[in-house]
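Those protein sequence lines, which keep their order, are chains A and B.
When we follow our numbering, the leftmost residue of the first sequence carries the number 84, and every step to the right adds one.
When we follow our numbering, the leftmost residue of the second sequence carries the number 16, and every step to the right adds one.
For every residue, glycine included, the Cβ atom is placed at its ideal position computed from N, Cα and C.
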Amino acid sequence: MCMTRINYKKMHYRENAQMLQKSKLVLRDGTSLDDLVMRESNEVSLRVMTDEELYHLEMEKIFAKTWLLLGHESEIPEPGDFIVRDMAEDNVIVARSQDGEVNVSLNVCPHRGMRVCLGEAGNKRIHQCIYHGWAFRPNGDFIGAPVEREKMHGNDVDKKTLGLKKAKVHLYGGLIFATWNVDGPSFDEYLGDIKYYMDQLFCRTDNGLELLGPPQRFTLPCNWKVPGEQSGSDGFHTLTLHRSLMEGGVMGGTAESIYDQAPGMYGVDVSCKQGHSLRCLEAEKTFKMFADVPFEGKSTRERLELLTPPGITKEMIPELFRNLSEDQVNQLATIPPQVGGLFPNILIAFIFAPRTDGGSSGALALHTYVPKGPGKVEFVNYIFAEKDAPEQMKRDMLQNSVQQTGTSGTIEQDDADVWPVIMKNARGAVSKGITLKYQALHGHERPEGWVGEGLLYPGFTKDDTQWNWWLAYYDLMDAV
Amino acid sequence: MTWKTKSTAAPDSTTILRGLVSNKRVALGSQVYNRILETLYDEAAALDERRIDDWIAMIAQDIIYQAPIRLTRTGPNRDRDVMRTMFHFDEDYGSLLMRTGRLQKSAWAEDPPSRCRRFITNVRIAECETPGEYEVVSYLYLERSRGDSPENENTTAERRDVWREVDGGYKLASREIIVDQSVLGMSNFAVFL
Ligand code: FES
Ligand SMILES: [Fe+2]
Chain A
84 MCMTRINYKK
94 MHYRENAQML
104 QKSKLVLRDG
114 TSLDDLVMRE
124 SNEVSLRVMT
134 DEELYHLEME
144 KIFAKTWLLL
154 GHESEIPEPG
164 DFIVRDMAED
174 NVIVARSQDG
184 EVNVSLNVCP
194 HRGMRVCLGE
204 AGNKRIHQCI
214 YHGWAFRPNG
224 DFIGAPVERE
234 KMHGNDVDKK
244 TLGLKKAKVH
254 LYGGLIFATW
264 NVDGPSFDEY
274 LGDIKYYMDQ
284 LFCRTDNGLE
294 LLGPPQRFTL
304 PCNWKVPGEQ
314 SGSDGFHTLT
324 LHRSLMEGGV
334 MGGTAESIYD
344 QAPGMYGVDV
354 SCKQGHSLRC
364 LEAEKTFKMF
374 ADVPFEGKST
384 RERLELLTPP
394 GITKEMIPEL
404 FRNLSEDQVN
414 QLATIPPQVG
424 GLFPNILIAF
434 IFAPRTDGGS
444 SGALALHTYV
454 PKGPGKVEFV
464 NYIFAEKDAP
474 EQMKRDMLQN
484 SVQQTGTSGT
494 IEQDDADVWP
504 VIMKNARGAV
514 SKGITLKYQA
524 LHGHERPEGW
534 VGEGLLYPGF
544 TKDDTQWNWW
554 LAYYDLMDAV
Chain B
16 MTWKTKSTAA
26 PDSTTILRGL
36 VSNKRVALGS
46 QVYNRILETL
56 YDEAAALDER
66 RIDDWIAMIA
76 QDIIYQAPIR
86 LTRTGPNRDR
96 DVMRTMFHFD
106 EDYGSLLMRT
116 GRLQKSAWAE
126 DPPSRCRRFI
136 TNVRIAECET
146 PGEYEVVSYL
156 YLERSRGDSP
166 ENENTTAERR
176 DVWREVDGGY
186 KLASREIIVD
196 QSVLGMSNFA
206 VFL
């Protein structure tokens with residue numbers, strides 16, 4: 084996978100600006116979607132972060148339509164087990180029914196709108212609303228109302244129509260995804276070309292991932308799109324916002340040479356028109372501790388032995404060959420996907436995470452940025468390990484993730500400090516006219532010998548993947 | 016330590032909020048009580064005044080410093096709401112040194128630093144099985160002012176500590192911080208609790 088001598092055909096995603104159709108979406112004050120997401124100049128108005136009307140449209144056109152991540156099936160192993168999660172501001176029950184299926188239903192009582200399930204997790208055969216007592220099965224089906232003979236569910240109403248509203252569910256590598264758009268795109272259509280790369284993270288072992296505990300949850304005073312657009316693989320901010328990684332000697336380079344050496348900036352960013360992306364990085368060019376390991380000329384298996392991907396042990400290497408294609412394993416061994424996101428609100432960090440004790444068991448974390456009003460977002464941090472990993476490794480990986488990501492993570496506490504400030508800025512009459520700029524573009528380019536599909540951006544990480552995130556946003560907002 | 020992956024749905028005996036476990040109480044107003052209380056006040060002052068080296072000097076090298084998450088449950092399991100499988104903080108001495116070292120360099124989350132007030136109350140103390148070690152349960156109320164924002168962030172928690180007598184003083188040997196929120200209102204824990 085040589086990136087120096089490249090033989091390519093440059094191709095911009097939708098490069099002919101003059102062919103762009105004007106959007107039909109116009110806000111009450113006459114502002115059109117084209118004034119907010121400027122496809123000709125690759126800019127986005129800061130106003131998108133505060134506009135109330137836009138927020139409500141996003142809830143309908145994006146969060147009530149697309150696939151959303153709600154957890155992992157290892158959280159609810161037994162029939163009757165349930166967790167309560169949020170699809171934006173719609174609260175849902177995620178429950179395993181008697182037949183072993185995972186069901187997602189709206190946690191709103193169809194009688195008078197009370198929340199049916201008041202806990203965050205547990206095990207119940209029957210969910211009974213505490214207001215008037217209507218009862219439901221874990222799959223959302225209506226059972227009945229108290230005092231059956233009086234027909235308190237309605238004189239002539241068919242019980243079949245009174246279940247909790249059900250979402251369509253898809254399990255991917257044990258991750259629970261759901262959508263309200265029952266007739267909409269399948270999960271595979273939603274993933275698109277990124278699936279080939281995502282499979283290398285989520286579908287690579289015999290027994291898959293498990294969640295190490297319930298997610299961390301905390302709120303930030305900012306719009307969901309502030310962290311959202313960063314999840315479109317903003318690699319560049321690492322050099323400055325996360326410079327403590329370089330100062331602490333984790334990544335290559337020293338405090339003095341951060342911008343010269345630019346550790347972790349060179350690789351291949353992959354993306355697709357659905358707005359998802361992943362940054363694929365060569366470990367030896369990213370982390371100090373791998374810099375002197377002799378990888379040159381080694382076979383895939385030898386490389387895997389020298390440097391197992393984050394979360395994988397040497398014993399698990401045969402599993403990789405069983406579950407992935409040879410090309411996928413080869414990529415995992417040489418230039419594994421490490422950070423990225425799924426549109427609209429998922430961040431992926433499957434990183435090497437070198438430890439102070441010299442180990443590098445890795446950290447596997449997913450975040451969702453759940454909208455809670457125009458100016459509020461809930462950060463939900465899911466921390467994983469491979470189910471087949473030894474207990475001590477799981478323990479180490481939990482610690483790695485907690486220490487680096489989420490609530491107190493030394494990497495992400497800095498992100499959480501920036502986002503609310505951007506949000507404050509977006510309120511000023513003049514400030515909201517400032518634009519977010521995505522004009523440092525590379526253009527799609529296929530590295531020699533690269534196997535996967537998708538939009539590919541080799542070299543220094545640029546704005547392409549994040550711009551694709553905004554184009555995916557535009558597409559959903561523009562759709563009627 | 017015993018630690019095992021568990022499903023989110025299933026609670027067990029580890030999920031109860033415990034408070035003080037030992038029943039060998041150290042009486043309020045006794046000399047040991049007073050000196051440990053004084054130590055808690057000194058610790059809060061060291062953190063509030065950002066004398067981080069002074070704080071590190073109060074910590075034992077085998078420290079376990081954790082903040083488990085809370086999870087709301089109803090019915091028979093309503094009191095099993097502390098999930099000790101997942102943490103907001105999961106630290107040892109080495110990682111705490113790493114964190115405090117980072118604060119001297121580019122830790123933007125605390126540069127400019129927050130102005131914090133740690134209020135420590137409801138202190139209850141008992142003797143541990145190991146002589147010279149004390150179980151110390153306290154309530155923490157933290158007010159945190161960030162930048163020029165007039166609105167403070169705050170949080171409340173119960174802290175379950177073990178303090179160990181060392182050279183006539185006390186060192187923190189373990190701390191479990193049980194925050195009260197299942198969804199934190201604070202945007203990060205870049206400060207110690
Ligand atoms: S609102 Fe649920 S039973 Fe009446
Ligand atoms: Fe970041």
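Given residue i as reference, the closest of the options once Cα atoms are compared
i, options, result
"A:Val422", "A:Glu469, A:Gly315 and A:Val187", "A:Gly315"
"A:Lys105", "A:Asp117, A:Arg179 and A:Gly489", "A:Asp117"
"A:Ile395", "A:Ala468, A:Ile418, A:Phe165 and A:Thr417", "A:Ala468"
"A:Thr518", "A:Leu254, A:Arg130 and A:Arg111", "A:Arg130"
"B:Asp94", "A:Glu135, A:Gly205, A:Glu161 and A:Phe165", "A:Gly205"
"B:Arg159", "B:Arg99, B:Arg133 and B:Ala172", "B:Arg133"
"A:Gly542", "A:Arg478, A:Gly318 and A:Asp375", "A:Gly318"
"A:Asp282", "A:Asn264, A:Gln299 and A:Gly257", "A:Gly257"
"A:Thr490", "A:Leu303, A:Gln411 and A:Ile341", "A:Leu303"
"A:Pro268", "A:Glu379, A:Gly380 and A:Lys148", "A:Lys148"
"A:Lys459", "A:Tyr342, A:Thr244 and A:Pro310", "A:Pro310"
"B:Ile78", "B:Gly109, B:Leu52, B:Glu125 and B:Tyr56", "B:Gly109"
"A:Tyr349", "A:Thr544, A:Lys397 and A:Tyr273", "A:Thr544"
"A:Phe426", "A:Arg362, A:Ser124, A:Leu103 and A:Lys356", "A:Lys356"
"B:Leu208", "B:Ala122, B:Glu173 and B:Thr145", "B:Glu173"
"A:Ile505", "A:Gln313, A:Glu231, A:Met399 and A:Gly154", "A:Gln313"
heavy atom of ligand 1 below 6 Å from residue i C-beta
i, result
"A:Cys192", "yes"
"A:Trp217", "yes"
"A:Cys212", "yes"
"A:Trp235", "With the sequence shown as reference, residue 235 of chain A is identified as Met, and Trp is not the correct amino acid for it. Every heavy atom of ligand 1 is 6 Å or more from the Cβ of A:Met235, so no."
"A:Arg195", "yes"
Distance cut-off 6 Å: residue i Cβ against heavy atoms of ligand 2
i, result
"A:Asp498", "yes"
Neighbourhood of residue i by C-beta, 8 Å cutoff - its chain only, sequence neighbours within 5 removed
i, result
"A:Arg88", "Note on A:Arg88: pLDDT 35, under 50, position unreliable in the model; the coordinate value appears next. If we look at A:Arg88 and ignore the five residues flanking it on each side, its Cβ neighbours are Glu531."
Nonlocal neighbours in the same chain, by C-beta distance under 6 Å from residue i, ignoring five residues either side
i, result
"A:Val187", "Val175, Val177, Ala250, Val252 and Ala261"
"B:Val152", "Gly34, Leu35, Arg139 and Arg175"
"A:Tyr556", "none"
"A:Ala416", "Thr383, Arg386 and Leu387"
"B:Ala205", "Ala124 and Glu125"
"A:Ser115", "Ser106 and Val109"
"A:Met86", "With a pLDDT of only 39 at A:Met86, under 50, the local geometry of the prediction cannot be trusted, and no value is derived from it."
Identified DSSP bridge partners for residue i
i, result
"A:Ala204", "A:Ile166"
"A:Gly154", "A:Ile259"
"A:Asn186", "A:Ala178"
"A:Asp352", "A:Arg362 and A:Tyr540"
"B:Met98", "B:Ile84"
"A:Met399", "BP columns for A:Met399 are empty, so no partner."
"A:Asp173", "A:Met170"
"A:Ala448", "A:Ala432 and A:Ile466"
"B:Gly116", "DSSP output for B:Gly116 lists no bridge partner at all."
"B:Tyr149", "B:Glu142 and B:Trp178"
"A:Pro420", "A:Cys363"
"B:Glu168", "B:Arg159"
7 Å Cβ shell around residue i - same chain, five flanking residues per side excluded
i, result
"A:Met334", "Leu328, Pro346, Gly347, Thr369, Phe370 and Lys371"
"A:Asp497", "Leu324 and His325"
"A:Asp558", "none"
"B:Pro91", "none"
"A:Val463", "Pro298, Arg300, His450, Thr451 and Val453"
"A:Lys397", "Glu388 and Thr391"
"A:Asp173", "Leu189"
Chain C residues whose Cβ lies nearer than 8 Å to that of residue i
i, result
"B:Ala172", "The chain inventory of the structure shown lacks chain C, comprising the protein chains A and B."
Cβ-heavy atom distance, residue i to ligand 3, below 6 Å
i, result
"A:Ile466", "Only ligand 1 and ligand 2 can be found as ligands here, which leaves ligand 3 out of the picture."
key: Contact residues within the segment 57-84 of chain B, judged by C-beta distance below 7 Å to chain A   = Those residues of the segment 57-84 of chain B placed with their C-beta closer than 7 Å to a C-beta in chain A are Ile84, ordered along the chain.
query = Taking any Cβ of chain A, which residues in the segment 190-205 of chain B have a Cβ under 8 Å from it, in chain order?
reply = Listed in sequence order: Ser197, Val198, Leu199, Gly200, Met201, Ser202, Asn203, Phe204 and Ala205.
request  = Give, in chain order, every residue of the segment 115-128 of chain B whose Cβ lies closer than 7 Å to some Cβ of chain A.
outcome  = So the close ones are Arg117, Lys120, Ser121, Ala122, Trp123 and Ala124.
task = Residues of the segment 295-325 of chain A with a CB closer than 8 Å to any CB of chain B: list them in chain order, please.
result = Only Leu295, Gly296, Pro297, Pro298, Gln299, Arg300, Phe301, Thr302, Leu303, Pro304 and Leu324 from the segment 295-325 of chain A bring a Cβ to less than 8 Å from some Cβ of chain B.
request  = Check distances from the C-beta atoms of the segment 487-502 of chain A to those of chain B and list, in chain order, the residues that come in under 9 Å.
outcome  = Listed by position, the residues of the segment 487-502 of chain A near chain B (Cβ gap below 9 Å) are Gly489, Thr490, Ser491, Gly492, Thr493, Glu495, Gln496, Asp497, Asp498, Ala499, Asp500, Val501 and Trp502.
key: Contact list for the segment 196-228 of chain A against chain B, Cβ threshold 7 Å   = Here the close residues are Leu201, Gly202, Glu203, Ala204, Gly205 and Asn206.
ask   = Between the segment 20-40 of chain B and chain A, which residues of the former have CB atoms less than 9 Å from a CB of the latter, in chain order?
value = Residues Thr20, Lys21, Ser22, Thr23, Ala24, Ala25 and Pro26.
Where the segment 99-113 of chain B meets chain A: residues whose CB sits under 9 Å from a CB there = So the close ones are Arg99, Thr100, Met101, Phe102, His103, Phe104, Asp105, Glu106, Asp107, Gly109, Ser110, Leu112 and Met113.
key: Interface positions of the segment 470-486 of chain A facing chain B (Cβ-Cβ less than 8 Å), listed along the chain   = Going along the segment 470-486 of chain A in chain order, one finds Glu474, Lys477, Arg478, Leu481, Gln482, Val485 and Gln486 with a Cβ nearer than 8 Å to chain B.
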